[in-house]
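Asker:
Number of protein chains: 2
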Amino acid sequence: MAEHDALPLVVLTEQFAKLPGIGMKSAARLAYHVMSMDAEEVEEFAQALLNAKRTVHYCRICENLTDQELCPVCDDPTRDHTTICVVEQPKDIAAFERTGEFHGVYHVLHGLISPLRGVLPDDLRIRSLVARVQQGQVQEVIMATNPTVEGDATAAYIAQLLTPLGVKVTRLAFGLPVGGMLEYADEVTLYKALENRNIM
Amino acid sequence: MAEHDALPLVVLTEQFAKLPGIGMKSAARLAYHVMSMDAEEVEEFAQALLNAKRTVHYCRICENLTDQELCPVCDDPTRDHTTICVVEQPKDIAAFERTGEFHGVYHVLHGLISPLRGVLPDDLRIRSLVARVQQGQVQEVIMATNPTVEGDATAAYIAQLLTPLGVKVTRLAFGLPVGGMLEYADEVTLYKALENRNIM
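Going down the list, the sequences are from chains F and Y.
Just so we're aligned: 21 in this note's numbering is position 21 of the first sequence, and the numbers increase by one with no gaps anywhere.
Just so we're aligned: 1058 in this note's numbering is position 58 of the second sequence, and the numbers increase by one with no gaps anywhere.
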């Protein structure tokens, strides 16, 4: 995009370039693509943006994104509401749902504690998690944050808050990925796999 | 995105996934990102989409995208209006403008002839190019389509139409890219470089 380009195209390019993972070149390509779309298609796209932002909010219980008062999981009486799986982001829930093996409910933190990036515990949805546990029905909280420094630290911080409330706090197991090859595993993963070895 | 996701988010994801080069996973990431944007930012994005589509159209002379009646190049009396550089897409103009060495005007075809993809000469902006040449002031038309089968075929087709009108039709030179290495050049490029060799 340069001075010979139409200003509204430059503005649209800059908007695309604000999105994560989209540089100025890709943004320009997307803006040109919008020019080749039908006017109705562009209206639909703009409407989808506004509609998602206006109608989607956090579930009153688990903080997942929903356009209802409660998300479908919290609203489902057949789920096990005594087991909460704590995840960093809404998209992590999709991974668990795909396994079809988790029948409990979720809690979305919307981030990880990271003093370096200025993210403190109060910036995350931790208070609502503590409040859920304080209600007394929850029996187990599974910390399912990523196995990174920040994920581990956040899990440890929350475990420290919840354990005194008399609830069982667990952490996902770490080890070799199924189908993975020993020779390609990094040292930490291999160490975890050794440490957490099971009797056959 | 799955059944536990809010429907407006699924709709937005599908809209992003329609864009070129964006798969379902990236689209979901972008949709989640929109949720984390301020409401005003989302409004600006939607407005930029609608505004670009509503106000940007084809220049009456050269078919480039513009929000004015004429694009800045066609509207510039200091440009050489007797030399037309014919390109496939609006973004090709940016490449020539960056060289700072072309002082003529442009004509944008908005595609290349490709019978296999159902793109026939009448689907491109060829008639308006012929009409420009027929007005009699144009002295040279430089075919600057890409050096591909379709780019060459389109250039040849247009040259056939324009030559009888008494205008000089030229094609960009093909050869080794400046700074390129002989050993990495493909055979066709090397053959072109040999064929078009110049006296030193």
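C-beta: ideal position from N, C-alpha, C; glycine also.
How is Glu140(F) classed by DSSP in three states: helix, strand or coil?
Answerer: The answer is strand: DSSP assigns Glu140(F) an E or B state.
Asker: Between Ala173(F), Val167(F), Gln68(F), Val149(F), which lies nearest to Leu116(F) when the distance is taken from Cα to Cα?
Answerer: Of the listed residues, the one whose Cα sits closest to Leu116(F) is Val149(F).
Asker: Output, in sequence order along the chain, the residues in the segment 1139-1150 of chain Y whose CB is closer than 7 Å to any CB in chain F.
Answerer: Those would be none; no residue qualifies.
Asker: Kindly list, in the order they appear in chain F, the residues whose Cβ is closer than 7 Å to that of Asp1067(Y).
Answerer: Simply Ala6, Leu7, Pro8.
Asker: At 3 residues or longer, and completely inside the segment 144-185 of chain F: list those beta strand (DSSP E) runs for me, N to C.
Answerer: For the segment 144-185 of chain F, whole beta strand (DSSP E) runs of length 3 or above, ordered along the chain, are 168-171.
Asker: Considering only the alpha carbon of each residue, which of Gly136(F), Gln137(F), Ala155(F) lies closest to Val202(F)?
Answerer: Residue numbering for chain F in the displayed model covers 1 to 200; residue 202(F) lies beyond these limits and cannot be assessed.
Asker: Here's a check: name, in chain order, each residue in its chain whose Cβ is nearer than 6 Å to the Cβ of Ala17(F), leaving out the five neighbours to either side.
Answerer: These residues qualify, in order along the chain: Met24, Ala27.
Asker: Please go through the same chain and pick out, in chain order, the residues whose beta-carbon is closer than 7 Å to the beta-carbon of Val1138(Y), but skip the five residues on each side of it.
Answerer: The residues are Thr1082, Ile1084, Arg1132, Val1167.
Asker: Quick check: is the beta carbon of Pro20(F) nearer than 9 Å to any beta carbon in chain Y?
Answerer: Closer than 9 Å: yes.
Asker: Below 6 Å CB to CB, which residues in the same chain sit around Met1001(Y) once its five sequence neighbours on both sides are set aside?
Answerer: For Met1001(Y), the pLDDT reaches just 49, beneath the cut-off of 50, and the residue's location in the model is therefore unreliable, leaving the point undetermined.
Asker: For Glu1187(Y), is the classification buried or exposed, using 16 other Cβ atoms within 10 angstroms of its Cβ as the cut-off for buried?
Answerer: The residue in question, Glu1187(Y), is exposed, as its Cβ has fewer than 16 Cβ neighbours within 10 Å.
Asker: Would Phe102(F) pass as an interface residue toward chain Y - the criterion being a Cβ-Cβ separation below 9 Å?
Answerer: No, its Cβ sits nowhere closer than 9 Å to a Cβ of chain Y.
Asker: If you compare alpha carbons, which of Ile1142(Y), Pro1177(Y), Gly1118(Y) is closest to His1103(Y)?
Answerer: Comparing Cα-Cα distances from His1103(Y) to each of Ile1142(Y), Pro1177(Y), Gly1118(Y), the minimum goes to Ile1142(Y).
Asker: Based on Cα-Cα distance, which residue from Ile61(F), Leu65(F), Ala46(F) lies nearest to Thr55(F)?
Answerer: Ranking Ile61(F), Leu65(F), Ala46(F) by Cα distance to Thr55(F) puts Leu65(F) first.
Asker: Would you call Gln89(F) buried or exposed, if buried means 16 or more other Cβ atoms sit within 10 Å of its Cβ?
Answerer: Buried, by the Cβ-count rule.
Asker: Looking at the strands, I want to know which residues DSSP matches up with Ile1084(Y).
Answerer: Answer is Val1105(Y), Val1141(Y), bridged to Ile1084(Y).
Asker: Report all residues from its chain with a CB closer than 7 Å to the CB of Arg79(F); omit the five preceding and five following residues, and keep chain order.
Answerer: Correct list, in chain order: Val73, His103, Gly104, Val105.
Asker: Work out the CA separation of Leu1172(Y) and Ile1061(Y) for me, nearest whole Å.
Answerer: If I take the Cα positions, the gap works out to 22 Å.
Asker: Quick one: what's got a C-beta closer than 8 Å to Ile1113(Y)'s C-beta in the same chain, skipping five residues either side?
Answerer: Once the five neighbours on either side are set aside, the close Cβ partners of Ile1113(Y) are Val1119, Leu1120, Pro1121, Leu1124, Glu1150, Ala1153, Thr1154, Tyr1157.
Asker: State yes or no: is the beta carbon of Pro77(F) nearer than 9 Å to at least one beta carbon in chain Y?
Answerer: No, its Cβ sits nowhere closer than 9 Å to a Cβ of chain Y.
Asker: How would you list, in chain order, the residues of chain Y whose beta-carbon sits under 9 Å from the beta-carbon of Ile99(F)?
Answerer: The amino acid at residue 99(F) is misidentified as Ile; the sequence shows Thr. Per Cβ cutoff of 9 Å: no residues; Thr99(F) is ~12 Å from chain Y at best.
Asker: Considering only C-alpha positions, which residue in the set Gly1179(Y), Leu1050(Y), Asp1005(Y) is nearest to Val34(F)?
Answerer: When each option's Cα is compared against that of Val34(F), the closest is Leu1050(Y).
Asker: Expressed to the nearest angstrom, what Euclidean distance is found between the alpha-carbon atoms of Gly175(F) and Phe96(F)?
Answerer: Going from the Cα of Gly175(F) to the Cα of Phe96(F) covers about 17 Å.
Asker: Under the rule that 16 or more other beta-carbon atoms within 10 Å means buried, what is Glu1063(Y), buried or exposed?
Answerer: Its Cβ being crowded by 16 or more others within 10 Å, Glu1063(Y) is buried.
Asker: Taking Gly111(F) as the reference, give the member of Gln135(F), Thr99(F), Ala144(F), Arg98(F) with the closest Cα.
Answerer: Considering only alpha carbons, the answer is Ala144(F).
Asker: What does DSSP give as the partner residue(s) for Val119(F) in the beta ladder?
Answerer: Bridge partners of Val119(F): Ser114(F).
Asker: Please decide whether Ala1193(Y) counts as near chain F, where near means a Cβ-Cβ distance under 9 Å.
Answerer: No, Ala1193(Y) does not count as interfacial toward chain F.
Asker: Pull up the distance between the alpha-carbon of Ala1159(Y) and that of Val1169(Y), whole angstroms please.
Answerer: Rounded to whole angstroms, Ala1159(Y) to Val1169(Y) spans 6 Å at the Cα level.
Asker: So with CB distances below 8 Å, who are the chain F contacts of Asn1051(Y)?
Answerer: The contacting residues are Pro8, Val11, Leu12.
Asker: Can you name the residues of chain F whose CB is closer than 9 Å to the CB of Leu1030(Y)?
Answerer: Those within 9 Å of Leu1030(Y) in chain F are Leu19, Pro20, Gly21, Ile22.
Asker: Does Cys1085(Y) have its Cβ less than 9 Å from a Cβ in chain F?
Answerer: It does not; no Cβ of chain F falls within 9 Å.
Asker: Check the Cβ-Cβ distances between Ser1026(Y) and every residue of chain F, and say whether any is below 9 Å.
Answerer: Yes, Ser1026(Y) lies at the interface with chain F (some Cβ there is under 9 Å from its Cβ).
Asker: Please name the residue, chosen from Ala1039(Y), Tyr1191(Y), Arg1127(Y), that lies closest to Val1086(Y) on a Cα-to-Cα basis.
Answerer: Val1086(Y) has its Cα closest to that of Arg1127(Y), out of Ala1039(Y), Tyr1191(Y), Arg1127(Y).
Asker: Using a Cβ cut-off of 9 Å (strictly closer), state whether Glu1041(Y) contacts chain F.
Answerer: Yes - at least one Cβ of chain F is within 9 Å of the one on Glu1041(Y).
Asker: With a cut-off of 9 Å, does the C-beta of Phe1045(Y) fall near any C-beta of chain F?
Answerer: For Phe1045(Y), the answer is yes, since a Cβ of chain F falls inside 9 Å of its Cβ.
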